[in-house]
Amino acid sequence: MNDGTPVTVLSGALGAGKTTTLKHLLEHADRRLAVLVNDVGEINIDAALVESRADGVAELSNGCICCDLRDDLEIEVSRLARERDFDHLVVESSGISEPAPVARLFTTGAASAAYELDTLATVVDAAAFRRTIADRKRETAEADGRVEDAEGDDGPRPLSELLVAQVECADVVVLNKCDLADEDALAETEELIRSLNPRARIVRTVHGDLEPGAIVGTGRFDLDTVSETDGWRRALEHAAHHRGEDEGHDHDDRADHDRTDHDHAEHDHAGHHPAARYGVDSFAYRRRRPFHPGRLAEVLEDLPPSVVRSKGLLWVAGRDDVSLHYGQAGPSSRVEVQGAWIASLDESRREMQRRMHPEVEWDEEHGDRQSQLVFIGTGMDEEAIVAALDESLVTDDEWDAGTYGENPFPDAGDDPLVLR
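Letter by letter, the sequence shown follows residues 1 to 420 of the UniProt record's numbering.
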């Protein structure tokens, strides 16, 4: 850790209450705060609302700081550091910003010389969060139907996907507008948030009224753990742990399994806790047999609304050289190439990669090829989902013939597949 000025990045959907929360923070903080406010409109209304209360205000308008205004963000925070005297910087992102690219500026960018990331805080509308991410409609995060992907894909991205990303990155989740939801709804929303991000602290608020120490000076941000403790990774690790306890023999899926033979199936509940009272649960699915592309696409396109979040790696027949990353949030799901399977490399590169990554599970026949998926949701029918996925695995006859029909899944160099 350096001795730079601490930074809180305040994210949240449009209308969740970020600016109201920021105003309360400025009114009650026991330290001098500088504020950078980002708005996607040409006129930055939020900056005008907080300007009289902050020790320094910078505004970035008509764009998003996680993508097209990243360079401007770096310039402005550097200017604040030079020209203003303050104890803590608060960056209020626009409602369509992903927190991770903003956080990278303060951890690996030029601004890391003057600043130290303290807290990633996300404001959530308690009354609307569960409904929004479960909505089957592709509601988008901006009036013109677009939210730009910070990684460069500027296609339409639904609001549900952005909300999940904001929660999964958070050190603190501010559950706002709690007066508009009853206790059972609040408890269900809290457990859903914990399933998505077990490490986040949840703070309930009404009208954004919170103690400044809840999101300023927390010291909760940890670069080494923020990417390793989200719900899907925890669920996979839980499943792997129990598989190691329960299974003391090797697996040969091709020899021992057909798509209806589940003797060696691996799907384990992960993280069972009182959340079951509200129907919030998660489970992991692992197989060392490839999916049939057509059948898998049908299953992923038709997941039930009870599945709020699912993601992981896919092994798809006909795409045996590439591991595919699958991600779903609410009504949105897509698949893209993550990289090459180690098993697909030539012998010298394969052995080098195995030495560099000894933690990779290795099968003598299939190498590192396998599918690993995690599902998080409320009231999910796990048996039905697992059965549908198992029906999507290739049969012995299909595998021997090597014919799988039309394959919509991307290969190396292809664009992502948007399933819905």
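Here a beta-carbon is modelled for each residue, glycine too, at the ideal position from N, C-alpha and C.
A quick note: this is a predicted structure, and the numbers were derived from the prediction, not measured.
Nearest Cα to LYS23 within the set GLY4, GLU76, ILE75, GLU92: GLU92.
The continuous alpha helix (DSSP H) containing ALA297 extends over residues 293-301. With a minimum length of 3 residues, the unbroken runs of beta strand (DSSP E) contained wholly in the region 355-380 fall at 371-378. Counting only unbroken stretches of 3 or more residues, the beta strand (DSSP E) elements lying wholly within the region 148-220 are 172-176, 201-204, in sequence order. Of the candidates VAL164, GLY213, ASP118, TYR326, the residue whose Cα lies closest to the Cα of LEU223 is ASP118.
The Cβ-Cβ distance between GLY312 and GLN372 falls below 8 Å. Under DSSP, the beta-bridge partners assigned to HIS88 are LEU33. With contacts defined by Cβ atoms closer than 8 Å, ALA317 and HIS292 form a contacting pair. The beta carbon of ILE215 sits closer than 6 Å to those of THR8, THR119, ALA121, VAL172, all from its chain and outside the five residues before and after it, given in chain order.
In the DSSP annotation of this structure, the continuous segment of the beta strand (DSSP E) that includes VAL308 starts and ends at 307-314. Residue burial is scored here from C-beta neighbours: ARG319 has at least 16 other C-beta atoms within 10 angstroms and is therefore classed as buried. A distance of 8 Å or more separates the beta carbons of ASP368 and GLU359. Shortest Cα-Cα distance from ASP415 to any of THR21, VAL335, SER160 involves VAL335. Bounds of the beta strand (DSSP E) holding VAL9 are 5-12. Between the region 374-386 and the region 396-409 there are fewer than three C-beta pairs closer than 8 Å, too few to call the two in contact. DSSP links SER94 through a beta bridge to no other residue. The beta-bridge partner set that DSSP reports for ASP414 is empty. Between the C-alpha atoms of THR20 and PRO408 there is a straight-line separation of about 45 Å. The C-beta distance from GLY377 to VAL307 rounds to 4 Å, short enough to fall under 8 Å. Boundaries of the beta strand (DSSP E) harbouring PHE283: 280-287, taken from the DSSP string. Classified as exposed, PRO304 has fewer than 16 neighbouring CB atoms from the shown chains inside 10 Å of its CB.
Collapsing the DSSP output to three states places ALA340 in a strand. The beta-carbon separation of GLU74 and LEU105, rounded to 6 Å, stays under the 8 Å limit for a contact. Its Cα nearest to that of LEU25, the residue ASP209 stands out among ASP302, ASP411, ASP209.
Only buried fits ARG288, as 16 or more other CB atoms lie within 10 angstroms of its CB. Per the coordinates, the alpha-carbon of LEU175 lies some 47 Å from the alpha-carbon of ARG350.
Under DSSP, THR122 takes part in a beta bridge, and its partners are SER11, VAL173. Spanning the alpha carbons of LEU324 and PRO212 requires a straight line of approximately 42 Å. Here GLY379 is exposed: its Cβ has fewer than 16 other Cβ atoms, across all protein chains shown, within 10 Å. Check the Cα spacing between ARG286 and each of PHE375, MET352, VAL90, ALA297: the tightest is with PHE375. Spanning the alpha carbons of ASP3 and GLU27 requires a straight line of approximately 26 Å. DSSP links ARG334 through a beta bridge to GLY327, VAL418. In this chain, the alpha helix (DSSP H) harbouring LEU25 covers 18-28. The alpha-carbon separation between TRP315 and PRO290 amounts to approximately 5 Å. Sequence-distant partners of ALA181 (beyond 5 residues in either direction) whose C-beta falls short of 6 Å from its own C-beta, in its chain, are ALA126, ALA127. The shortest C-alpha to C-alpha distance from GLU391 to any of GLY413, LEU300, LEU345 is the one to LEU300.
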